[in-house]
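> Numbering (my numbering), first residue to last: 17 to 491.
For every residue, glycine included, the Cβ atom is placed at its ideal position computed from N, Cα and C.
Note that the structure is a prediction, hence the values are computed from the model and not measured.
Handing you a structure now.
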Ligand SMILES: Cc1cc2nc3c(=O)[nH]c(=O)nc-3n(C[C@H](O)[C@H](O)[C@H](O)COP(=O)(O)OP(=O)(O)OC[C@H]3O[C@@H](n4cnc5c(N)ncnc54)[C@H](O)[C@@H]3O)c2cc1C
């Protein structure tokens, strides 16, 4: 039987709630008692059974319940809603999609690729709309994203990216090239040579959003069975440690934890992303740093970093780089996590030396999900009634919303603008068996840090990054 993590092992509900609060800054400050409730109690028959109460499962339930209040919908969640990546992420509700427009166009056509991109942009506003409509105070601020260029090669890549965007008809209003002063006006980091800016991102408190959504779906009659782990998913049935759900439709929404389900070991690999959060910074420090509109921020390095200014004036800063665990384990060992957190702190202080002595109050990490071709997908097999969504890599906060609306249409059998988007029904090939998978994924992660170092030393576009590009999704 699979449980995502024994991290929250205590059986006493309040001790368990405290353990959940320690999962991330976001759950710690979600303004929620985090008491897991409504564990499944025996067998039930429903219309739609969903496995996993992260954003994918919750958005799907939300839109289905809104469209068809008569449907019996149940979600089973091994821990507590928001325990996975949805309660741990960097809080970028962005229009980013893990596949580039060129990749999408290769699989479909140019128009379809652009429709996917437009749907992602609209989804950012849809997240904001639903939060307001449901009275969820998710501390949203649509301040866009600034991507700093801090080396000559990063600047060249920024120029290329903007030139490429123009070939897709994406104008200045979608992606603007910034000179050094313009980029520094967003974020006064060290060594800024220029950058890009897109308005298509909102900073969000994901803990408040995910816990707000669980309340919203429960108010609409959806049963969210927390502390209920699925042990097997088969057509029209979800077997759990507390009973079996029988349903016309079964939706898998387990993302980075998918490998724990029998038959799914090679669908999606979990890769860890790690995050640190500072204490709230004083106003004078913010005057020097910027991020006045709570722009989310990154720079042009290969091994991804991401940051946001929270509503309570902290910096939340994350990045990839922790090793992948053999056998797709979602547990990160303490020494790898500590090393990754130290490296993140060094990177952050390298960008913003004023933060050197600021206290780091929270350190955490989580597993995101990567399909073999780095292509997110959503779909439903009409014959078996089995549906899924995932493979979002690091771009799931908004994409899950699009997935939820798409799964609504697929379950209801409606052919809509959403169900004809190119990611619908896409099937990624499976990952290699171990140990090839472990060797490959970790070689890719190492290559990205090598590539950044190589560029710092040579001042040229990295050979390592180019060689590894096919393994890392090619973009
Ligand atoms: C550290 C980190 C930073 C990130 N930053 C960003 C960001 O800034 N912007 C962005 O867009 N994306 C980001 N992402 C990605 C984004 O968070 C995810 O893509 C998104 O939250 C996935 O949502 P989900 O519901 O599909 O999966 P999850 O939120 O992982 O939910 C899956 C749920 O399924 C449950 N589960 C698993 N197995 C079972 C089982 N057998 N039975 C019952 N329940 C089960 C888990 O407990 C979990 O609650 C980040 C991810 C991480 C880890």
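1. Looking at ligand 1, does it come within less than 6 Å of residue 156, judged from the CB to the closest heavy atom?
2. What residues in its chain sit with their C-beta under 8 Å from that of residue 49, if we drop five residues either side in the sequence?
3. What is the DSSP secondary structure of residue 241, counted as helix, strand or coil?
4. Assuming residue 108 and residue 282 are in contact, meaning their beta carbons sit under 8 Å apart, how far apart are those beta carbons, in whole angstroms?
5. If you draw a straight line from the C-alpha of residue 422 to the C-alpha of residue 434, how long is it?
6. Return yes when at least one heavy atom of ligand 1 lies under 6 Å from the C-beta of residue 16, else no.
7. Checking the sheet assignment: what are the DSSP bridge partners for residue 393?
8. Where does residue 61 sit, in a helix, a strand or coil, going by DSSP?
9. Going by Cα to Cα distance, which pick from 315, 260, 378 and 113 is closest to residue 67?
10. I'd like to confirm the pairing. Which residues does DSSP put opposite residue 313 in its beta bridges?
11. Pairs of beta-carbons, one from the stretch 293-307 and one from the stretch 324-333, closer than 8 Å: are there three or more?
12. Please specify which runs of the alpha helix (DSSP H), each continuous and at least 4 residues long, are wholly inside the stretch 213-264, giving them in chain order.
13. Can at least three beta-carbon pairs, one atom from the stretch 415-429 and one from the stretch 71-85, be found at a separation below 8 Å?
14. Hey, quick one: how far does the beta strand (DSSP E) through residue 333 stretch, first residue to last?
15. Can you check DSSP and say which residues form a bridge with residue 294?
16. On the CB-based measure, 16 or more other CB atoms within 10 Å of its CB, does residue 406 come out buried or exposed?
17. Does the structure place the stretch 248-260 close enough to the stretch 221-233 that three or more beta carbon pairs sit under 8 Å?
18. Less than 7 Å between the beta carbons of residue 40 and residue 100, yes or no?
19. Note down, in chain order, each residue of its chain lying with its Cβ closer than 7 Å to the Cβ of residue 31, except the 5 sequence neighbours on either side.
20. Please tell me whether, using a cut-off of 6 Å, the distance from the CB of residue 331 to the nearest non-hydrogen atom of ligand 1 is below it.
21. Measuring CA to CA, which of 379, 320 and 310 is closest to residue 460?
22. Using a Cβ-Cβ cut-off of 6 Å (strictly less than) and excluding sequence neighbours within five positions of residue 315, which residues of its own chain qualify?
23. Taking 6 Å as the cut-off, is the beta-carbon of residue 99 closer than that to any non-hydrogen atom of ligand 1?
24. In whole angstroms, give me the CA-to-CA distance for residue 232 and residue 171.
25. Which residues bound the alpha helix (DSSP H) around residue 147?
26. Any chance the CB of residue 263 is under 6 Å from a heavy atom of ligand 1?
27. Using a Cβ-based criterion (distance less than 6 Å to any ligand heavy atom), does residue 291 qualify as near ligand 1?
28. Can you determine whether any heavy atom of ligand 1 sits closer than 6 Å to the C-beta of residue 92, and answer yes or no?
29. How far does the beta strand (DSSP E) with residue 90 in it reach, from first residue to last?
30. Roughly how many whole angstroms lie between the Cα atoms of residue 210 and residue 312?
31. From this set, 382, 425 and 456, which residue's C-alpha is nearest residue 271's C-alpha?
32. For a test of your reading of the model: does the CB of residue 104 fall under 6 Å from any non-hydrogen atom of ligand 1? Yes or no.
33. By alpha-carbon positions, which one of 213, 268 and 353 ends up nearest to residue 310?
34. For residue 22, is the classification buried or exposed, using 16 other Cβ atoms within 10 angstroms of its Cβ as the cut-off for buried?
35. So for residue 178, helix, strand or coil by DSSP?
36. Taking the alpha helix (DSSP H) that residue 352 belongs to, which residues open and close that run?
Let me lay it out:
1. Incorrect: residue 156 has no Cβ contact closer than 6 Å to ligand 1.
2. Cβ neighbours of residue 49 beyond the five flanking positions: 33.
3. Correct three-state label for residue 241: strand.
4. Not quite, the Cβ-Cβ distance comes to about 28 Å (not below 8 Å), so this is no contact.
5. Approximately 6 Å between the Cα atoms of the pair.
6. With the chain covering only 17 through 491, there is no way to say anything about residue 16.
7. Answer by DSSP bridge pairing, in chain order: 406.
8. Strand, per DSSP.
9. Among 315, 260, 378 and 113, the Cα nearest to that of residue 67 is on 260.
10. BP columns for residue 313 point to 162 and 323.
11. Remark: three or more beta-carbon pairs, one from each stretch, lie closer than 8 Å, so the stretch 293-307 and the stretch 324-333 are flagged as touching.
12. Within the stretch 213-264, the complete alpha helix (DSSP H) runs of at least 4 residues are 222-235.
13. Contact check between the stretch 415-429 and the stretch 71-85: three or more CB pairs, one atom from each, fall below 8 Å, which counts as touching.
14. In the DSSP assignment, residue 333 falls within the beta strand (DSSP E) that extends over 331-336.
15. In DSSP, residue 294 forms a bridge with 376.
16. Residue 406 comes out buried.
17. No, the stretch 221-233 is not in contact with the stretch 248-260.
18. Cβ atoms of residue 40 and residue 100: not closer than 7 Å.
19. Beyond the five residues adjoining it in sequence on each side, residue 31 comes within less than 7 Å, by CB distance, of no other residue in the same chain.
20. Placement of the Cβ of residue 331 at a distance of 6 Å or more from every heavy atom of ligand 1 is found.
21. It is 320 whose Cα lies nearest to the Cα of residue 460.
22. Cβ within range, chain order: 164 and 166.
23. At least one heavy atom of ligand 1 is nearer than 6 Å to the Cβ of residue 99, so yes.
24. Distance between the alpha carbons of residue 232 and residue 171: 44 Å.
25. Counting along the chain, the alpha helix (DSSP H) containing residue 147 begins and ends at 126-149.
26. Residue 263 has its Cβ no nearer than 6 Å to any heavy atom of ligand 1.
27. Yes - ligand 1 has a heavy atom lying nearer than 6 Å to the Cβ of residue 291.
28. Checking every heavy atom of ligand 1 against the Cβ of residue 92, one is found closer than 6 Å.
29. Per DSSP, residue 90 belongs to the beta strand (DSSP E) from 89-92.
30. If you take the alpha carbons of residue 210 and residue 312, they lie about 16 Å apart.
31. Among 382, 425 and 456, the Cα nearest to that of residue 271 is on 382.
32. Using a cutoff of 6 Å, the CB of residue 104 counts as near ligand 1, since one of the ligand's heavy atoms is closer than that.
33. Ranking 213, 268 and 353 by Cα distance to residue 310 puts 213 first.
34. A caution first: residue 22 carries a pLDDT of 42, below 50, which makes its placement in the model too unreliable to give a value.
35. Helix.
36. Membership of residue 352 in the alpha helix (DSSP H) is indicated by the continuous run 350-367.
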